């Protein structure tokens, strides 16, 4: 009986891992589609990253 529960848990863990990978792939796909359809977003993202970098420099001083 205990072995059955262990196998059931292992099966559920594998299913969960596969679902997480699938969700991650779908998220990446959605992000890429959004960026392709809205290329200007990359400029905004670059500005945000530069702003964060500038803030880090100020904080370090």
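Numbering (this note's numbering), first residue to last: 32 to 92. For each residue, glycine too, the CB sits at the ideal point set by N, CA and C. Here the structure is a predicted model, which is why all the values come from computation and not from measurement.
What are the boundary residues of the alpha helix (DSSP H) that includes residue 50? As a working mapping, residue 50 is identified with position 19 in the chain shown. Residue 50 -> alpha helix (DSSP H) spans 33-68.
Between residue 58 and residue 66, which are expected to be in contact by the criterion C-beta below 8 Å, what is the C-beta distance as a whole number of angstroms? Start at 1 with the first residue of the chain shown, and residue 58 comes out as number 27. Start at 1 with the first residue of the chain shown, and residue 66 comes out as number 35. About 13 Å separates the two Cβ atoms, so there is no contact after all.
If we ignore side chains and look at the alpha-carbon of each, how far apart do residue 92 and residue 84 end up? The count along the chain shown starts at 1 and reaches residue 92 at position 61. The count along the chain shown starts at 1 and reaches residue 84 at position 53. C-alpha separation (whole angstroms): 13 Å.
Is DSSP giving residue 92 helix, strand or coil here? Counted from its first residue, the chain shown places residue 92 at position 61. The answer is coil: DSSP assigns residue 92 none of H, G, I, E or B.
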